[in-house]
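Report on the structure given below.
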Amino acid sequence: MDIDWATTIINPKELIHISRGDHKVIYKYLIQFKELIPQRIDSLEKSLEAGNRKSVRQILHQMSPQLQFFGIKNIVSPIRRLEHEYETIPMVELNTLVDSILIKLNLAIEDVDLTLKKNF
Amino acid sequence: MTSEKINCLIIDDDPFIRELLQDKLNQYFPEVHLLSTACSGREGLQKIASLQPELIFLDVEMADMTGFEMLAQLSDITFQTIFITSYSHYAIKAIRFNALDYLLKPLDLGELKKAINRYKKHINIRPHKENLVLALRNMSIKNIADHMLILKTQDGDLKLVIKDIIHIEGDRNYSYIYLKNGSKKLVSKTLSDLEELLDSKGFYRCHRSHILNREHIINYSKGTIVELSNTINVPVSRRKKKQFSEWYENNRIKNS
């Protein structure tokens, strides 16, 4: 049976490709996303609150490959901008950029939750 | 398991990357045998010692240490390394500078195939490991002029000390490197490739066809010609004259 991908922000193309139709593999990556991303959102929010630019960059840098893999729309370019400009970008702008990333991440978590509920 | 299998180890602190690479290796590379994975530099060191891998996939930036710091702790490097790193990481430059292999996360399958093929091709070639040793050496030397640049040529790796390069002349897809000892080496890299590699190492592209090393400028008097230590005069393009003058003044002050 095919997976019902009722996603709004995630593009599961890479996930389907690597799983080669194996639902166990898809499940493994979805669960990993569900576990890892909220932890990282939490760290990101704490770093932002503390005004720790370096830590914000590190967390985004580490998250970036997984977000690319899940094909989250329009998330790579703000992350790359922050990776390049994290030391110099005004704090207000940094906050706005991270907030926009957080909104997308929360939508992605909803997508993953819904896919898990519908299919597993 | 047959002896033809490549025994490898994955060292990365991101569980997603460990899973992904493991799945790709299992699915597409039957010739690769994954011995184990490690989630930190410290665990990586332990597993290298106990499992003796032939190939390691090594994350550049881990929480406890960088991949380079991990390698520097080894007394002997008996394996080959494919670095894994994210886009725009500062270390990419150091990796390319020493002609080392790397993969960008999240690990494109085509690039992984190419990297494994390169490994198979160079499996018994000692210089590949030497490149790694030289990269570690570069990182420990503060004076950039003493750093070693490694460029791949048809005859193998060309190793050059930065301060020995006088200037570089581009010729379409190739470049001629003029050295202090009077020799001239042809490399299959464009001038733009070399400009990027040598950026912030005391070199300046003063003309469409020329990059020069500040260490070898003998005379420049704000015109369109620079006199170099090998008695060759290199032109400065009109478009770059102002920028070049500023660069020259700034760097000359620092040198004096």
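Quick mapping for you: the protein sequence lines, in order, are chains A and B.
With the first letter of the first sequence counted as 1, position 19 gets the number 69 in this note's numbering; the numbers rise by one all the way through.
With the first letter of the second sequence counted as 1, position 107 gets the number 182 in this note's numbering; the numbers rise by one all the way through.
Heads up, the beta-carbon is just placed ideally off N, CA and C, and yes, glycines get one too.
Note that the structure is a prediction, hence the values are computed from the model and not measured.
Query, Result
"Range covered by the alpha helix (DSSP H) that runs through A/T146", "M141 to N169"
"Residues that B/Y177 bridges to, as DSSP identifies them", "B/F158"
"Bridge partners - B/D246, DSSP secondary structure assignment", "B/Y249"
"Meets three-Cβ-pair contact criterion under 8 Å: the segment 187-200 of chain B and the segment 233-240 of chain B", "no"
"Contact check, B/Q97 vs B/E129, beta carbons under 8 Å", "no"
"Boundaries of the alpha helix (DSSP H) in which B/N192 is found, first to last residue", "L184 to K196"
"A/I81 to A/H73 span [Cα, whole Å]", "12 Å"
"Partner residues on chain A for B/D89, Cβ-Cβ distance less than 8 Å", "Q112, P115 and Q116"
"For B/D221, three-class secondary structure by DSSP", "helix"
"CB of A/E143 within 8 Å of CB of A/R107, strictly", "no"
"Closer than 8 Å to chain B by CB, A/V172", "This structure gives no information on residue 172 of chain A, because the portion of chain A shown stretches from 51 to 170."
"Within chain A, the residues that B/P181 reaches when beta carbons sit closer than 8 Å", "E64, P115, Q116, Q118 and F119"
"Helix, strand or coil at B/R313 [DSSP, three-state]", "helix"
"Proximal residues to B/L261 (C-beta, below 7 Å), its chain only, five neighbours per side dropped", "Y249 and Y251"
"Interface flag, B/I85 vs chain A, CB-CB below 8 Å", "no"
"Contacting residues, own chain, Cβ-Cβ under 7 Å from B/A220 (five flanking each side not counted)", "I237, K238, G277 and E290"
"Exposure label - A/M113; buried when at least 16 CB within 10 Å", "buried"
"C-beta neighbour in chain A for B/D98, strict 8 Å", "yes"
"DSSP state of B/M76 mapped onto helix, strand, coil", "Residue placement at B/M76 cannot be trusted, given a pLDDT of 45 that sits under 50; what the coordinates show is reported in the next sentence. Correct three-state label for B/M76: coil."
"Distance between B/V208 and A/S69 (C-alpha atoms, nearest Å)", "38 Å"
"Contact with chain A by B/I92, beta-carbon distance below 8 Å", "yes"
"Per-residue burial, B/Y279 [other beta carbons within 10 Å of its own, 16 or more giving buried]", "buried"
"Supposed close pair B/L184, B/H242 - CB separation, criterion 8 Å", "Between B/H242 and B/L184 the Cβ distance is about 41 Å, and since that is not below 8 Å, they are no contact."
"Interface flag, B/Q318 vs chain A, CB-CB below 8 Å", "no"
"B/N256 - DSSP class collapsed to helix/strand/coil", "coil"
"Status (buried if at least 16 other CB within 10 Å, exposed otherwise) for A/F120", "buried"
"Residues that DSSP places opposite B/F278 in a beta bridge", "B/N288"
"Nonlocal neighbours in the same chain, by C-beta distance under 6 Å from B/V107, ignoring five residues either side", "I81, C83 and L100"
"Cα-Cα separation, B/Y323 to B/G245", "21 Å"
"Within chain A, the residues that B/L273 reaches when beta carbons sit closer than 7 Å", "Here the premise fails: no neighbours, minimum Cβ distance about 21 Å."
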